[in-house]
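Visitor:
There are 2 protein chains.
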Amino acid sequence: MKLNVEPLRGFRDIIGSEALYLETVTKKSEELARRWGFDRIFLPTVERFELFSLKSGEEIRRTMFVFKDKAKREVTLRPEATASVVRAYLNKMRGLPKPIKVFSIVNVFRYDEPQFARYREFYQADFEVLGSPSPLADAELITMLYEFYSELDLPFKVIVGSVKLLREILSKEGIEGDDQDHAMHLIDKGLLRELEDFLREKAKEPERAIEVIETLIGIEGGVEAIREGLEVAKEYGVSEAKDLEEVASYLPDDVLKKCVFKVGFARGLAYYTGLIYEVKVEDFPVSVAGGGRYDALSEIYGGERLPATGFAIGLDRTALALEKYGKDVKWKREVAVIPLAPEVAKTALEVQRKLARLGLHSTLLDDFKSLKKALSYVSEKDFKWVVIIGKKDYEEGMVTIKNMETRRQSKCPLDGLLDCLLATL
Amino acid sequence: MKLNVEPLRGFRDIIGSEALYLETVTKKSEELARRWGFDRIFLPTVERFELFSLKSGEEIRRTMFVFKDKAKREVTLRPEATASVVRAYLNKMRGLPKPIKVFSIVNVFRYDEPQFARYREFYQADFEVLGSPSPLADAELITMLYEFYSELDLPFKVIVGSVKLLREILSKEGIEGDDQDHAMHLIDKGLLRELEDFLREKAKEPERAIEVIETLIGIEGGVEAIREGLEVAKEYGVSEAKDLEEVASYLPDDVLKKCVFKVGFARGLAYYTGLIYEVKVEDFPVSVAGGGRYDALSEIYGGERLPATGFAIGLDRTALALEKYGKDVKWKREVAVIPLAPEVAKTALEVQRKLARLGLHSTLLDDFKSLKKALSYVSEKDFKWVVIIGKKDYEEGMVTIKNMETRRQSKCPLDGLLDCLLATL
């Protein structure tokens with residue numbers, strides 16, 4: 012039997028430097044969580060279909076992995092984390108002091124056409140603040156994203172908007188519920204022709220609505236863009252975007268400079284109720300992170316009102332962006348232990364264990380290669396030192412140490428190994 | 012609409028101290044990988060059904076999450092990681108210098124009756140050594156498990172055996188292929204009555220086979236148990252357990268003392284070809300880690316022969332064992348920043364950012380609680396310091412710092428914050 016050894020379409024075996032980039036970005040997100048006080052949680056990968064069909068938006072609904080489990084329940088591989096966080100809040104976190112700041116690393120799934128930076132399984136670091144109605148929480152989250160991408164040294168912008176103005180206008184036009192979500196979806200996808208047709212069919216005053224919405228979509232820039240947008244909206248007769256102004260007033264100046272405000276902004280998730288934002292890396296085709304406020308999701312699930320806001324970092328996408336910009340990441344490798352014969356194996360294992368206990372990034376070559384092959388393995392893998400244990404040396408209680416960078420080599424007693432390593436620095 | 016907010020049966024929302032235990036164990040496994048030279052890889056959660064149906068064993072086959080994707084492919088949520096690692100080797104790692112040491116953190120799935128320490132989704136840290144035929148690799152892996160569980164300070168034993176003797180006996184009795192795997196499965200499950208019936212039906216000399224197998228199953232102990240088992244087997248006419256003796260000869264003495272050798276040992280996975288082992292924590296109902304050698308799996312998948320060996324740490328189970336033994340784990344929380352009014356929000360966010368940049372585990376209370384409520388939040392969450400920023404203080408460029416342990420409190424200038432923090436130590 013010959014098995015197809017490729018992963019399923021849209022899935023990936025991530026190894027080598029690709030894995031190292033992804034691991035690096037993942038660890039950085041964990042560090043971000045720790046430094047900003049977000050507690051780790053772990054959520055189920057499989058959820059009920061209704062959890063996402065209710066309010067995640069039509070694009071996500073269309074691309075979900077849905078299947079029936081053995082009990083004939085319609086279940087799905089989670090397409091994103093926020094819905095699960097709110098469900099878990101209602102299940103287990105209601106009694107906790109607020110704000111609740113939680114963080115998780117999740118693999119998420121979309122059954123879509125695979126393309127660059129879009130896979131059927133991908134990784135996200137999800138950050139959520141539950142129970143804080145203040146725009147300061149949103150400003151905090153945007154600042155965290157700024158810190159994260161600044162430290163990665165990528166050229167980026169944060170696009171910041173609010174769904175409030177657009178939703179207010181649509182409501183005024185009598186477009187509510189699923190229809191409103193659909194209009195937002197069309198705006199998100201940039202499908203303006205379809206939007207116009209839809210508004211002509213559904214809106215009370217289609218031409219006025221089209222004009223104001225398309226004008227708003229066109230407005231973007233620094234803080235002044237917020238005021239400009241608000242004026243356009245006011246002229247039309249709505250004025251709900253105080254949140255944008257307030258968030259902008261809280262942001263540190265350097266963060267503010269990286270923000271592009273867009274009053275007519277929409278994102279793919281239907282549960283957003285206010286501020287939304289995305290991080291875009293220059294010349295990178297998809298956004299690398301995104302988030303927003305979703306104050307109504309808990310109520311939609313039958314719970315109490317829960318002001319909430321959060322973002323997800325696209326870990327794969329961020330890793331790809333790092334790679335694209337040639338940012339250097341390296342495995343840290345220090346010592347390779349090379350036993351040359353089974354007779355010295357036990358000692359070699361003891362040496363390896365000692366190095367590992369000291370926290371050195373070490374490895375044992377456990378297949379008794381010839382010295383030549385072992386050294387070529389070690390060079391290829393970029394180790395800094397080798398400890399060579401030969402049979403004759405071993406009988407005399409000695410080992411050979413070699414610094415692979417300086418090529419300095421010396422014999423030293425087994426029990427003075429570490430001092431020897433340091434001496435070859 | 013009222014959504015069912017509980018996770019699906021057998022799935023879990025892991026929060027609070029449960030999450031902290033799991034995170035702690037996960038990080039420890041990552042550290043183990045780094046120190047012993049295992050490179051991180053990421054593998055797909057969804058795989059073709061055949062990958063596991065071929066050789067993972069009947070228990071796993073029976074409990075897999077199998078479903079049809081939109082292209083009508085029969086796919087499955089991975090029940091374990093080793094099969095995927097070998098597939099990924101054949102797909103992408105063939106050209107790498109050997110031994111290849113890889114590590115991954117995986118969520119895996121079994122559709123079984125949920126019970127204590129058995130869930131439908133659980134977490135594993137998977138370590139594999141590909142390309143090394145030497146028992147030194149097995150000894151290394153057992154030593155790593157010893158280091159891991161010793162550092163966690165749990166009372167444990169490593170049960171070490173080899174499937175070689177049992178498989179040799181079954182082969183001699185004319186029991187091969189799926190029948191042999193089934194017999195091993197019955198031994199693993201301790202179903203001796205069923206085993207006897209099965210042997211009476213299939214074996215050439217059933218009574219002799221039953222006697223030798225049941226004798227071997229009964230032998231366990233220190234290194235002497237290996238010799239004892241080998242003698243029993245030799246009398247019957249097989250002698251294939253050199254691997255056990257060799258591994259034992261390589262193990263450091265303290266590791267050896269924690270090992271219980273069991274020549275008639277079997278494990279649930281059908282792909283094992285030699286040494287197998289499990290870590291058992293005292294008074295804990297299930298094994299917390301397990302592994303073994305699987306030299307034939309690559310060939311079964313249509314690849315070349317690939318000597319390979321590895322283990323998986325059950326991260327949830329290990330976390331549960333830590334909890335059971337009352338091992339203390341704690342969120343590290345240092346500073347909470349408390350802005351008392353929107354007017355000071357921007358400054359508070361700047362302060363929080365400064366603390367985070369220094370690597371402090373800090374958090375911003377972003378909902379402008381009253382001071383009383385804020386302090387009760389902070390005590391509950393166990394922060395060490397608070398930085399209180401009130402409106403009046405702020406106008407004078409001052410903040411208040413309080414050490415929550417010593418209750419010492421002092422006013423200090425905004426730009427001398429860190430020195431102030433240190434002074435309240």
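Chains as they are written, first to last, in this note's numbering: chain B, 12 to 436; chain L, 12 to 436.
Where is the CB? At the ideal position from N, CA and C, for every residue including glycine.
Quick caveat: nothing in here was measured; it's all calculated off a predicted structure.
Comparing alpha-carbon positions, which option in B:Gly188, B:Gly229 and B:Arg121 lies nearest B:Lys213?
Guide: Here the closest residue by C-alpha is B:Gly188.
Visitor: Looking at chain L, which residues of the stretch 296–321 of chain B have a Cβ within less than 8 Å of any of its Cβ atoms?
Guide: Within the stretch 296–321 of chain B, the qualifying residues are Ile311, Tyr312, Gly313 and Gly314.
Visitor: Determine whether the Cβ of B:Phe133 lies closer than 7 Å to any Cβ atom of chain L.
Guide: Not one chain L Cβ lies under 7 Å of B:Phe133.
Visitor: Restricting to runs no shorter than 3 residues, where is the beta strand (DSSP E) found entirely within the stretch 146–202 of chain L?
Guide: If we require 3 residues or more, the beta strand (DSSP E) runs fully inside the stretch 146–202 of chain L come out as 167–173.
Visitor: With distances taken between CB atoms, is the gap from L:His196 to L:Glu69 smaller than 7 Å?
Guide: In this structure, L:Glu69 lies closer than 7 Å to L:His196 by Cβ.
Visitor: Quick one: list the residues of chain B neighbouring L:Val86, beta-carbon separation under 7 Å, in chain order.
Guide: Simply Leu19.
Visitor: To the nearest angstrom, report how far apart B:Tyr388 and L:Lys109 are at their CA atoms.
Guide: Each residue's Cα considered, the two are about 8 Å apart.
Visitor: Among B:Gly27, B:Lys168 and B:Phe379, whose alpha-carbon lies nearest the alpha-carbon of B:Ile153?
Guide: B:Ile153 has its Cα closest to that of B:Lys168, out of B:Gly27, B:Lys168 and B:Phe379.
Visitor: Going residue by residue through the stretch 280–358 of chain B, where are the continuous beta strand (DSSP E) segments of at least 3 residues, counting only ones entirely within it?
Guide: Taking only runs of at least 3 residues, the beta strand (DSSP E) segments lying wholly in the stretch 280–358 of chain B are 286–292, 300–304, 319–325 and 346–350.
Visitor: L:Lys253: which of L:Cys270, L:Val266, L:Val274 and L:Lys269 sits nearest, CA to CA?
Guide: If we check each option's Cα against that of L:Lys253, L:Val274 comes out closest.
Visitor: In chain B, which residues lie with their C-beta within 7 Å of the C-beta of L:Tyr261?
Guide: Within 7 Å Cβ-Cβ: Ala356, Lys357 and Leu360.
Visitor: Between which two residues does the alpha helix (DSSP H) containing B:Pro424 stretch?
Guide: Taken as a continuous stretch (DSSP letters only), B:Pro424 belongs to no alpha helix (DSSP H), being part of the beta strand (DSSP E) at Gln420 to Pro424.
Visitor: Shorter than 7 Å from the beta carbon of B:Thr374 to some beta carbon of chain L?
Guide: Output row for B:Thr374: interface = yes.
Visitor: For B:Leu14, which residues in chain L fall below 9 Å Cβ to Cβ?
Guide: Those are Arg59, Glu61, Leu62, Leu65, Arg98, Leu101, Ile311, Tyr312, Gly313 and Gly314, listed as they occur along chain L.
Visitor: Looking only at C-alpha atoms, which of B:Ser145, B:Leu14, B:Tyr130 and B:Asn414 sits nearest to L:Ala352?
Guide: Nearest C-alpha to L:Ala352: B:Ser145.
Visitor: Compute the Euclidean distance between the alpha carbons of B:Glu289 and B:Ala300, then round it to the nearest angstrom.
Guide: Roughly 6 Å between the two C-alpha positions.
Visitor: Quick one: what does DSSP say B:Asp404 is sitting in, helix, strand or coil?
Guide: In this structure, B:Asp404 counts as helix in the three-state DSSP scheme.
Visitor: Output yes or no for whether 7 Å exceeds the beta carbon distance between B:Ile111 and B:Gly142.
Guide: Their beta carbons are under 7 Å apart, which means B:Ile111 touches B:Gly142 by this criterion.
Visitor: Scan the stretch 63–123 of chain B and note each continuous alpha helix (DSSP H) run of 4 residues or more that stays entirely inside, going in chain order.
Guide: Here the runs fully enclosed are 69–73 and 93–99.
Visitor: State yes or no: is the beta carbon of B:Arg72 nearer than 7 Å to at least one beta carbon in chain L?
Guide: Not closer than 7 Å to any Cβ of chain L, the Cβ of B:Arg72 fails to qualify, so no.
Visitor: Ends of the alpha helix (DSSP H) at B:Ser8?
Guide: Residue 8 of chain B lies beyond the stretch modelled for chain B, which goes from 12 to 436, so this question has no answer here.
Visitor: Is the Cβ of B:Gly229 closer than 7 Å to any Cβ of chain L?
Guide: No - not a single Cβ of chain L is within 7 Å of the one on B:Gly229.
Visitor: Using a C-beta to C-beta distance shorter than 9 Å, which residues of chain L count as neighbours of B:Ala150?
Guide: The contacting residues are Ala356, Lys357, Leu360 and Asp377.
Visitor: If the cut-off is 7 Å on Cβ atoms, which residues from the stretch 111–136 of chain B count as contacting chain L, listed in chain order?
Guide: Correct list: Lys112, Asn118, Tyr122 and Glu132.
Visitor: Could you give the first and the last residue of the continuous alpha helix (DSSP H) run that contains B:Glu239?
Guide: Taken as a continuous stretch (DSSP letters only), the alpha helix (DSSP H) holding B:Glu239 covers Val234 to Tyr247.
Visitor: Short of 7 Å in beta carbon distance, which residues of its chain neighbour B:Val249, apart from the five on each side in sequence? Order them along the chain.
Guide: Taken in chain order, the residues that qualify are Leu176, Glu179, Ile180 and Lys183.
Visitor: Taking B:Asp306 and B:Thr284 to be in contact with their CB atoms under 8 Å, please state how far apart those CB atoms are, rounded to whole angstroms.
Guide: Right, the Cβ-Cβ distance comes to about 5 Å (below 8 Å), so this counts as a contact.
Visitor: Near L:Glu333, which residues of its chain fall below 8 Å by C-beta distance, leaving aside the five closest residues on each side in sequence?
Guide: Just to set this straight, residue 333 of chain L is Leu in the shown sequence, not Glu. Result list for L:Leu333: Tyr32, Thr35, Val36, Leu163, Leu165 and Val340, in chain order.
Visitor: Look at the alpha carbon of B:Arg89 and the alpha carbon of L:Leu366, and state the distance between them as a whole number of angstroms.
Guide: Their backbone Cα atoms lie some 35 Å apart in a straight line.
Visitor: Of the residues L:Gly48, L:Gly232, L:Ala356 and L:Phe394, which one's Cα is nearest the Cα of L:His372?
Guide: Closest by alpha carbon: L:Phe394.
Visitor: Chain B beta carbons: is any one of them nearer than 7 Å to that of L:Leu210?
Guide: Output row for L:Leu210: interface = no.
Visitor: In its own chain, which residues sit with a C-beta less than 6 Å from the C-beta of L:Asp50, not counting the 5 before and 5 after it?
Guide: Cβ neighbours of L:Asp50 beyond the five flanking positions: Val113.
Visitor: Can you grab the Cα-Cα spacing for the pair L:Lys338 / L:Thr329, in whole Å?
Guide: In a straight line, the C-alpha of L:Lys338 is about 11 Å away from that of L:Thr329.
Visitor: Could you check whether the Cβ of B:Phe78 sits closer than 7 Å to any Cβ belonging to chain L?
Guide: At least one chain L Cβ lies under 7 Å of B:Phe78.
Visitor: Roughly how many angstroms separate the alpha carbons of L:Leu227 and L:Ile71, rounded to a whole number?
Guide: If I take the Cα positions, the gap works out to 25 Å.
Visitor: Kindly indicate if chain C contains any beta-carbon less than 7 Å away from that of L:Phe159.
Guide: Any reference to chain C falls outside this structure, whose protein chains are B and L.
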